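These protein sequence lines map, in sequence, to chains A and B. Heads up: the first sequence begins at 4 in the working numbering, then just goes up one per residue. Heads up: the second sequence begins at 4 in the working numbering, then just goes up one per residue. Backbone N, C-alpha and C fix where the C-beta goes; we use that ideal spot for every residue, glycine too. The structure presented is a predicted model; accordingly, all values stated were derived computationally and were not measured.
Number of protein chains: 2
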Amino acid sequence: MSDQETGSGPASLDVREAMRTARSLRRFRPDPVSNEVLARCLEAATWAPSGSNAQAWRFVVLRSPEVRAVLGPAFREGWQWVTRIYEDNASVQPARNPRQARLMDTMRHLVDTFEQVPAYVLFTYRLSGFVPEFIEGGSIFPAMQNFLLAARAEGLGTVPSTWFTFAQDKLRAVVGIPDEWRIAALVCVGWPVGRHGPVRRRPVSSVAALDTWDTPLIEGGRLR
Amino acid sequence: MSDQETGSGPASLDVREAMRTARSLRRFRPDPVSNEVLARCLEAATWAPSGSNAQAWRFVVLRSPEVRAVLGPAFREGWQWVTRIYEDNASVQPARNPRQARLMDTMRHLVDTFEQVPAYVLFTYRLSGFVPEFIEGGSIFPAMQNFLLAARAEGLGTVPSTWFTFAQDKLRAVVGIPDEWRIAALVCVGWPVGRHGPVRRRPVSSVAALDTWDTPLIEGGRLR
């Protein structure tokens, strides 16, 4: 079924290399992103696990002028919200190093031109009601992550965001999302101006423990 | 940093192939799973995105007798809970085909021998408080998915579960999890008896829309 639906796949990319270099990209070329390539990435999304394999997900590709008119102002409001948090609270303010300054410039550029993002993908989910809401996320965010990795393999740039929350009601209305479905994330998609590159993360030694919370899995560069 | 910490990686595996064949495996050989291979998979977990790149995660590898003594009864309680739901509610009862019967047998075997699972990995997360709890999951479940895919590449079998909730307090106490951290998932890990194989999912055509909820992205086998 799927090969016919979504065409031939992208060039092979090692799974660890895909994960290691799938950093968020926020500047996109104006070139369109075809439904064909998006469908291949969404097919990868469907391969994710979900509780009881219920697959209670629906993915909505967005590009209509009506949707763009809702998203642009919402994301500029999100940007203002974040910059206000930074201004009000020096403790969460990013250090003003050149890398951080470039990131802030790129984010401002993204929100200023948000209506021109080639495509957006909405990840929606129908709660099972069997587990707390935080844990329900385990049945939709793995699908989003598969999408991001498949997009990386295609050479697409992506950035997931939660700022759709600033226009949640309007967005639900314009897309026609039924009441019992939640929006989990909105992902911007486009052919990137910049290049994929290594993500910046703290080392595994600082976040992995063995059996008890304060027993590091790796200590002094050695595995326990 | 990371190469030294976690050793050389596994044989190359294409990212789409990893996603397509990362089905849950629930029968494990008794062979131990080394901290080295788990650290490589956890390194992949750290490569996942998180809101504001906050990386508010901590991963705990579990194998102590004390933890096993808590998890075994919890997962057997989870199993009883699910079978009760099936008995009480015919509409959610899996069809009694041979494949489903095999799955039920495998799940019963897993919970009956839960203390012998070679290793468990706990994915924990400190809520940011900036978004609804459901959406906070977007900052931890991508890390879990990266872990599952990295484990697939290593040849490890995994199955994520939420049944840790049946012994949440005891588990938190024995591991020493601080109050402000949530458990997102517990993943069982082992060298599998069975083989990795294609996941079973509904086709992307049934779950993907374009611009409005009821406009399929793919219709009659053709992309819109």
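- When C-beta distances to chain A are compared with 7 Å, the residues of the segment 117 to 134 of chain B below that value are VAL134, in chain order.
- Shown in chain order are the members of the segment 132 to 152 of chain B whose Cβ falls below 9 Å from a Cβ of chain A: PHE133, VAL134, PRO135, GLU136, PHE137, ILE138, GLU139, GLY140, GLY141, SER142, ILE143, PHE144, PRO145, ALA146, MET147, GLN148, ASN149, LEU151 and LEU152.
- The Cβ of PRO101/B sits no closer than 8 Å to any Cβ of chain A.
- Taking C-alpha positions only, LYS173/A is separated from GLU39/B by approximately 49 Å.
- Distance from the Cα of ALA48/A is smallest, within the candidate group PRO33/B, MET22/B, LEU41/B and ALA146/B, for MET22/B.
- One thing to note: VAL70/B has its Cβ no nearer than 8 Å to the Cβ of LEU159/B.
- Taking a cut-off of 8 Å on C-beta distances, the segment 137 to 145 of chain A does not touch the segment 192 to 209 of chain A, as fewer than three cross pairs fall below it.
- Scanning SER209/B, LEU226/B, ARG227/B and GLY223/B for the CA closest to the CA of ARG61/A turns up SER209/B.
- Nearest to THR24/B by C-alpha distance, out of ASN149/A, ARG155/A, ARG32/A and ALA176/A, is ASN149/A.
- When DSSP states are grouped into helix, strand and coil, VAL70/A belongs to the helix group.
- In the structure shown, the three-state DSSP call for PRO181/A is coil.
- Among the residues of chain B, those whose CB is under 9 Å from the CB of LEU16/A are ASP17, VAL18 and ARG19, following chain order.
- Distance between ALA212/B and ALA146/A, taken at the CA atoms: about 16 Å.
- If you draw a straight line from the Cα of ARG185/B to the Cα of THR127/B, it is about 5 Å long.
- Secondary structure at ARG129/A: strand, using DSSP grouped into helix, strand and coil.
- Residue environment for THR165/A: buried (at least 16 other C-beta atoms within 10 angstroms of its C-beta).
- Separation of PHE31/A and LEU151/B (C-alpha to C-alpha, rounded to the nearest whole angstrom) is 30 Å.
- Cβ proximity to chain A below 9 Å picks out GLN58, TRP60, ARG61, PHE62, VAL63, VAL64, LEU65, ARG66, SER67 and GLU69 from the segment 57 to 69 of chain B.
- Taking 8 Å as the threshold, the shortest C-beta distance from LEU226/A to chain B falls below it.
- Residues of the segment 207 to 221 of chain A with a C-beta atom less than 7 Å from some C-beta of chain B are VAL207, SER208, VAL210, ALA211, ALA212, LEU213, ASP214, THR215, TRP216, ASP217, LEU220 and ILE221, listed in chain order.
- Proximity of MET22/A to chain B, defined by a Cβ-Cβ separation below 8 Å, is satisfied.
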